[in-house]
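53 is the number that this note's numbering gives to position 34 of the sequence shown; each next residue is one higher, with no gaps. Here's the structure we're looking at; comments come further down.
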Amino acid sequence: MAAIIAYAEIGEPYREVLGVEFNTSLVIGQSYHVSFNLVCDATLQNGFAINHLGFKFTTYSTFDSVEMMTNNISHGSISEIVSDIHNWQTFHFTFQADSAYTYFHLGCFFEDSESETELIQYGNVFFSYYFIDNVRIEE
């Protein structure tokens, strides 16, 4: 299990992204099934829920800037706002590799202006915090 701040209202764009390197690259033309579990955190008085949580395959380990990360492109994205703070939700995607990708990233890759938020708790916290578990990428 891991956690990320998927969105923050701090005056400038802010994102945290999980990333992992594959042992072998994806095979071009091969279909892959991607799934993961998400729950919006409530214990830290999480202020917002957000949409466009998803994943991106790349050939690089990190993003040089938030602008590079939030280019409104992902290989799979959840269109609805994920705001459930009590129940884990499982999301499933199918992806056909168009490149020999070597890295997988999970987060929100859309600009603030392209993302929708929902206030879920009032307080001094202005971010979206999510727990992520059971990430799978299978042929």
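The C-beta atom is built at its ideal place from N, Cα and C for all residues, glycine as well.
Tell me whether residue i is buried or exposed, calling it buried when 16 or more other Cβ atoms sit within 10 Å of its Cβ.
| i | result |
| --- | --- |
| S93 | buried |
| A68 | buried |
| N70 | buried |
| V39 | exposed |
| M88 | buried |
| Y79 | exposed |
| H124 | buried |
| L138 | exposed |
| S147 | buried |
| G66 | buried |
Going by Cα to Cα distance, which pick from the options is closest to residue i?
| i | options | result |
| --- | --- | --- |
| A116 | F76, N91, M87 | F76 |
| R34 | S44, H52, E86 | E86 |
| V46 | A119, V154, A21 | A119 |
| A21 | I139, E130, G126, I156 | G126 |
| F110 | S50, S84, I156, S44 | I156 |
| D152 | G95, W107, E158, F112 | W107 |
Tell me which residue opens and which closes the beta strand (DSSP E) that residue i is part of.
| i | result |
| --- | --- |
| E157 | 146–157 |
| E40 | 37–40 |
| V85 | Premise fails: V85 lies in the alpha helix (DSSP H), 85–88, not in any beta strand (DSSP E). |
| E137 | 136–138 |
| H94 | Neither: H94 is in no beta strand (DSSP E) and is coded neither H nor E. |
| Y26 | 21–27 |
| V46 | It is not in any beta strand (DSSP E) - V46 carries neither H nor E in the DSSP assignment. |
| H124 | 122–127 |
What are the partner residues of residue i, as DSSP defines its beta bridges?
| i | result |
| --- | --- |
| S132 | In DSSP, S132 forms no bridge with anything. |
| H111 | S54 |
| A68 | E137 |
| T77 | Y122 |
Does the segment 20–40 come close enough to the segment 117–136 that 3 or more CB-CB pairs lie under 8 Å? yes
Count the C-beta pairs between the segment 101–119 and the segment 53–60 that are closer than 8 Å, then say yes if the count reaches three, no if not. yes
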